[in-house]
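The next block holds one structure in the form of structure tokens; read it before the comments.
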Amino acid sequence: MPPSTRRQARQRLSEASAATSQSEELPTHGILEDQPHEEVLDLDAADDEDMEGEEEEGDDGMQEDQHREQGVQPPPGLKEISSLASWTVTTAKPGNGVAALRNPDLNQFWQSDGPQPHLLSIHFFKLVSIAHMRVFLDFESDESYTPTKIQFLAGMGAHDIQEFAEMSFEQPTGWIDVDFSNIGPVEHDEDEENQSMDQREIDWSKRPTLRAFLVQVRILENHQNGKDTHLRAVQIFARDETHSGRRRGNVLGVRSANALPVRTARGKMDKPRKQSNNIRMAEWMLEPDLR
1 MPPSTRRQAR QRLSEASAAT SQSEELPTHG ILEDQPHEEV LDLDAADDED
51 MEGEEEEGDD GMQEDQHREQ GVQPPPGLKE ISSLASWTVT TAKPGNGVAA
101 LRNPDLNQFW QSDGPQPHLL SIHFFKLVSI AHMRVFLDFE SDESYTPTKI
151 QFLAGMGAHD IQEFAEMSFE QPTGWIDVDF SNIGPVEHDE DEENQSMDQR
201 EIDWSKRPTL RAFLVQVRIL ENHQNGKDTH LRAVQIFARD ETHSGRRRGN
251 VLGVRSANAL PVRTARGKMD KPRKQSNNIR MAEWMLEPDL R
């Protein structure tokens with residue numbers, strides 16, 4: 001066989017072997033390419049689920065923050081007078097005493113460290129008229145430390161203190177208004193009765209007030225018979241007379257003024273007409289209030 005024929009035969013054999021090797025490698029390449037593609041799809045789905053879970057947790061966290069921040073500002077018509085008193089507790093864990101209870105951050109709390117009952121005493125340096133009082137409890141965070149039975153007492157001093165409310169709870173969460181029904185009756189107008197609770201603005205001038213030097217919070221029982229307790233916040237309010245004045249549109253207590261007599265076209269003197277005064281007093285014109 002001549003050399004040229006041998007070279008052509010070798011080239012054909014090499015081309016045939018190369019073609020067969022490529023045909024065998026093609027399925028394997030397809031499988032290897034498909035597997036990463038499927039894994040990428042699974043990872044994307046897992047990322048979507050994680051993102052949805054984070055969004056739901058974020059929404060729950062925002063709702064909880066809004067729920068906690070509802071008590072930062074006093075209700076309309078009231079002013080907080082908690083700073084006018086000295087606060088004392090019977091026992092406290094280090095770092096969880098009165099300073100933590102008085103902190104605006106509701107993640108901090110007073111934790112007792114001793115036998116029940118646990119007492120919180122609030123001594124005012126002058127006689128105050130208390131229109132509203134509320135406490136903040138969080139069962140989801142405190143569990144067995146959550147109070148389930150609290151007594152509220154008030155008086156001129158420790159020797160004549162009397163109970164005015166006793167409240168029981170089951171898994172309380174959020175701000176809880178102290179019951180003032182034993183102090184006096186609550187007057188309601190017909191307009192207030194026709195309005196819903198969301199639209200109703202409480203007229204605190206018709207609510208009973210508690211006059212006292214000393215207010216005491218006595219925690220008697222905890223959830224699941226827990227020994228120590230957690231109390232996250234206590235707020236005491238008095239009526240804000242400046243708010244009622246602004247709501248009526250008064251200036252220095254003047255509701256309306258009489259206008260001068262008006263001469264008509266016929267030459268007769270018309271009767272004086274009342275002219276409403278809607279000017280509001282500026283904040284800097286009000287009397288300074290010690291908070």
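Mapping of the sequence shown onto full-length UniProt numbering: residues 1 to 291, in sequence order.
Here a beta-carbon is modelled for each residue, glycine too, at the ideal position from N, C-alpha and C.
Can you grab the Cα-Cα spacing for the pair Leu120 / His223, in whole Å? Rounded to the nearest whole angstrom, the CA to CA distance from Leu120 to His223 is 19 Å.
Helix, strand or coil, according to DSSP, for Ile31 in the structure here? In this prediction, Ile31 scores a pLDDT of 43, lower than 50, which makes its location untrustworthy; no coordinate-derived value is stated.
Spatial neighbours of Phe150 within its chain, please: C-beta separation below 6 Å, excluding the five flanking residues on both sides. Per the sequence presented here, residue 150 reads as Ile, with Phe not at that position. Excluding residues within five positions, the ones whose Cβ falls inside 6 Å are Met167 and Ile219.
Between Ser83 and His123, which are expected to be in contact by the criterion C-beta below 8 Å, what is the C-beta distance as a whole number of angstroms? Going by Cβ atoms, the distance from Ser83 to His123 rounds to 13 Å, so no, they are not a contact pair.
Going by CA-CA distance only, name the one from Val89, Thr209, Thr91 and Gln111 that's closest to Pro147. Answer by Cα proximity: Gln111.
Taking Cβ to Cβ, would you say Thr91 is nearer than 8 Å to Asp105? No, they are not a contact pair.
Take Phe180 and list the residues in its own chain whose beta-carbon comes closer than 6 Å to its own, dropping the five residues that flank it on each side. Counting only Cβ-Cβ distances below 6 Å, and skipping sequence neighbours, we find Pro208.
For residue 308, does the three-state DSSP call read helix, strand or coil? With the chain covering only 1 through 291, there is no way to say anything about residue 308.
Report the rounded CA-to-CA distance for Val215 versus Glu170, giving the unit in angstroms. Put simply, the backbone Cα of Val215 is about 24 Å away from that of Glu170.
Judging by CA-CA distance, which residue of Leu13, Asp177 and Ile81 is the nearest neighbour of Lys126? Nearest option by C-alpha distance: Ile81.
Could you tell me which uninterrupted alpha helix (DSSP H) segments, each at least 4 residues in length, are contained entirely in the region 89-147, listed from first to last along the chain? Runs found: 98-102 and 139-142.
Please say whether Ala154 and Ala100 have beta carbons closer to each other than 8 Å? It is not a contact, given that the beta carbons lie outside the stated cut-off.
How would you call Val234, buried or exposed, if buried means at least 16 neighbouring beta carbons within 10 angstroms? Per the 10 Å Cβ criterion, buried.
How many angstroms separate the CA atom of Asp177 from the CA atom of Pro117? Cα-Cα distance, rounded: 21 Å.
Whole angstroms is fine: what's the gap from Val135's alpha carbon to Trp175's? If you draw a straight line from the Cα of Val135 to the Cα of Trp175, it comes to about 6 Å.
Figure out for me which residue from His230, Arg239 and Ile236 has the closest Cα to the Cα of Lys93. Cα-wise, what sits closest to Lys93 is His230.
Using a Cβ-Cβ cutoff of less than 7 Å, which residues in the same chain neighbour Pro74 once the five nearest sequence positions on both sides are dropped? Within the same chain, Glu80 and Phe237 come within 7 Å of Pro74 by CB-CB distance, once the 5 residues on both sides are set aside.
Just to confirm before moving on: does the CB-CB distance between Arg239 and Ser205 stay below 8 Å? Yes. Within cutoff.
Can you give me the C-alpha to C-alpha distance between Gly184 and Gln162, rounded to a whole angstrom? If I take the Cα positions, the gap works out to 15 Å.
Taking Ile161 as part of the beta strand (DSSP E), name the residues at either end of that continuous run. Segment: none, Ile161 is in no beta strand (DSSP E) and carries neither H nor E.
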